[in-house]
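Undergrad: Here it is, the structure, as structure tokens.
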Amino acid sequence: MPDESARRQVWRYPNAQRAAWPAADFVVGNPPFIGNWRMRGELGDGYVETLRAIYQEVPETADYVMYWWHRAAELVRSGDIRRFGFITTNSVRQTFQRRVLVPHLTDPNTPASLVFAIPDHPWVDSYDGAAVRIAMTVAEGGVQDGLLLRVLSEEPGESEGAAKVEFLERRGFIHPDLSIGPNTAAAIPLRANEGLSCPGVKLHGAGFIVTPEKARVLGLGRIPDLDQYIRLYRNGRDITSRPRGVMVIDLYGLSVEDVRARFPEVYQWVFDRVKPERDQNKRASYRDHWWIHGEPRANFRPALKHLRRYIATVETAKHRFFVFLDASILPDNMLVNIACDDAFVLGVLSSRIHVTWALAAGGTLEDRPRYNKTRCFEPFPFPDSSEAVHDRIRFLAEQLDAHRKRQQERYPSLTLTDMYNVLAQLRAGESLDAGAQKIHEQGLVSVLRDLYDDLDRTVFEAYGWPPELSDEEILFRLVDWNAARGAEERSGLIRWLRPEFQKTAATQTGMEVGAEEAEPRAARAVRPPWPASLPERVRTVRECLIQAPEPVLPENIARRFSRARIPEVAAILETLAALGQARKENDRYRA
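Numbering-wise, numbering that gives the first Met the number 0 puts 114 at position 115 of the sequence shown, and it's gapless, one number per residue.
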């Protein structure tokens, strides 16, 4: 319970200004590693709010270190310094941090370039001695190539915390995601994939989770309709390991009066175990709607409606695989979910082509790949082949999903992580010890490998590509396909993944549909011009948010005006969110 007598010091920073850096030719540093979620606790609310108000062009999702990166990039682009180099967390490659790099490295008039980078390097945190991963970046003004070093091997050094590291060197143009070669960071979201992906719910209250036994005590199976509001629950470990068997109270769509009248036992449970925690939350919506999950994913629920199953993958995991989950299961925030029950989509996502894309386009947490739906799913171009090839992909994907579920059902201790560890050993030609051999036999991992091989060959056929392509060649082709699909969509052709749902959703949000579903482009009204002044642009974006019936993406607003640039609209939306005049939900915004 909260201590009403507790007091803490609150700092305010009136008339705060950007720190003036001393004149220099070079800037080198190791700024503080403080994640954006830790900044308030480490620096205080007043400091963080002032920092974000002054640097409105830096997304609120950026870590503290990225403010140094942004300031130095401004100076190198203006010619005030010659070069800068920073040590940062290796999350600099992830979408939220990369948004700081992209405007500086892609500006058409005064760009900066990375001339040296190490994306992922071992490090010992001086604060608590923890082993972490860091990135190193060096930038200069202008467009030029750089030297990229990737860690090939590492082993402990002679002194504590030291490491012997072997690098693979490569020279070329270094992209904002600290890669050389195919520029996956330049890929744009495709409307064909729009509205189908989202993380699961974010509870903001452990009291929502109950055991099946407790759910029955609260009335499950006894009180009519309660089965709609107490559901099976899965998080990342439930998928990679074994399900915990827990359920979750999900009261979305009910008023607090409805809950108290219809489900009094549930009301008291949540009132006693969730409300005290929510009362201390700084966000008014969390405090006022304490019986609802903090992030109930309201805009995503319509996409799941009427589906018997959907596709899920663990956001951060050693192995990238996709599974079907029954529609009765509510997913946790650590799962990225695709609102589609078509096994064709599961098959393509499970293929080497998509996994290669996801590993390149997504970020990492420590040494584990992350699946960012904005970079991994939304820009990914699906193949458009014959129905016979699509049916073959469906057949193999159904077999793949059924095989894993069947073997886990037969051997309760068998985990998907176990199976994919052994699959990786088989593909690497490694010998299996006794433990791995047992997993191989229980999981029939050679059968799993054969299913994947057949699936990969069929998906390559769907794209019309030879299966011998290297990973880099796959990425080059996917980047080209993304650009081609983007051009198609601008001309009015959209290859929807779920046309029956997506066309309706696009119409409801005021988005244009493809030329084949809408009136001829020549008959459409001319788009109004993008306002000339910044205040007018801010006012216009704010009015668009107020008028929108559902949360919108920056590109939704940008497409409504002639000569509007998506990055500029995104920056205005971020500013409105920082000022409390908009609310951000994943990558979308609402008034």
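Even glycine gets a Cβ: it sits at the ideal position worked out from N, Cα and C.
#1: Are three or more beta carbon pairs between the region 321 to 335 and the region 193 to 204 nearer than 8 Å?
#2: Kindly provide the ranges of any beta strand (DSSP E) runs that are 3 or more residues long and lie completely inside the region 180 to 217, ordered along the chain.
#3: Shortest alpha-carbon distance to residue 287 belongs to which of 318, 264, 254?
#4: Helix or strand or just coil, what does DSSP make of residue 165?
#5: Measure the CB-CB distance between residue 339 and residue 497 and report whether it falls below 8 Å.
#6: State the start and end residues of the unbroken beta strand (DSSP E) segment that holds residue 120.
#7: Applying the criterion that 16 or more other CB atoms from any shown protein chain within 10 Å of the CB defines a buried residue, is residue 97 buried or exposed?
#8: Looking at residue 232 and residue 245, is the spacing between their C-beta atoms short of 8 Å?
#9: Measuring straight from C-alpha to C-alpha, what distance separates residue 514 and residue 491?
#10: Can you tell me the Cα-Cα spacing of residue 304 and residue 320, whole angstroms?
#11: Have a look at residue 372 and residue 307 and give me their C-alpha separation to the nearest angstrom.
#12: I need the DSSP call for residue 485, collapsed to helix, strand or coil.
#13: Tell me which same chain residues have a C-beta within less than 6 Å of the C-beta of residue 234, skipping the five on either side of it?
#14: What's the C-alpha gap between residue 9 and residue 2?
#15: Residue 281 by DSSP, collapsed to three states: which one?
#16: Residue 582 to residue 575, Cα distance in whole Å?
#17: Please determine, among 67, 346, 69, the residue with the shortest C-alpha to C-alpha distance to residue 452.
#18: From the DSSP output, which residues share a beta bridge with residue 135?
#19: Counting pairs of beta carbons, one from the region 111 to 119 and one from the region 133 to 153, are three or more of them closer than 8 Å?
#20: What are the start and end residues of the alpha helix (DSSP H) that includes residue 575?
#21: Cα separation between residue 475 and residue 46?
#22: What does a CB cutoff of less than 7 Å around residue 38 pick up in its chain, not counting 5 residues either side in sequence?
#23: Name the DSSP bridge partner or partners of residue 561?
#24: Report the CB separation of residue 218 from residue 264 in whole angstroms; it is logged as a contact under 8 Å.
#25: In this structure, what does DSSP give as the bridge partners for residue 28?
TA: Short version:
#1: Segments in contact, yes.
#2: For the region 180 to 217, the continuous beta strand (DSSP E) assignments of 3+ residues that do not extend past its boundaries occur at 196 to 198, in sequence order.
#3: Closest in C-alpha terms to residue 287, from the list 318, 264, 254, comes 254.
#4: The answer is strand: DSSP assigns residue 165 an E or B state.
#5: Going by C-beta atoms, residue 339 is nearer than 8 Å to residue 497.
#6: Per DSSP, residue 120 belongs to the beta strand (DSSP E) from 111 to 123.
#7: The residue in question, residue 97, is buried, as its Cβ has 16 or more Cβ neighbours within 10 Å.
#8: For residue 245 and residue 232, yes; Cβs fall inside 8 Å.
#9: Only weak support is given to the placement of residue 514: the predicted model assigns it a pLDDT of 36, under 50, and the question is left unresolved by the model.
#10: Cα to Cα, residue 304 sits roughly 24 Å from residue 320.
#11: Rounded to whole angstroms, residue 372 and residue 307 show a C-alpha spacing of 22 Å.
#12: Reduced to three states, the DSSP call for residue 485 is helix.
#13: Excluding residues within five positions, the ones whose Cβ falls inside 6 Å are 331, 333.
#14: Residue 9 and residue 2 have their C-alpha atoms some 17 Å from each other.
#15: Residue state, collapsed to three classes: coil.
#16: So the two alpha carbons sit approximately 8 Å from each other.
#17: Nearest C-alpha to residue 452: 346.
#18: Residue 135 pairs with 86, 117.
#19: The region 111 to 119 is in contact with the region 133 to 153.
#20: Where residue 575 is concerned, the enclosing alpha helix (DSSP H) starts and stops at 565 to 577.
#21: Roughly 44 Å separates the two Cα atoms.
#22: 47, 63, listed in sequence order.
#23: Bridge partners of residue 561: 528.
#24: Rounded to the nearest angstrom, the Cβ distance from residue 218 to residue 264 is 5 Å, consistent with a contact under 8 Å.
#25: In the DSSP output, where bridge partners are listed per residue, residue 28 has 85.
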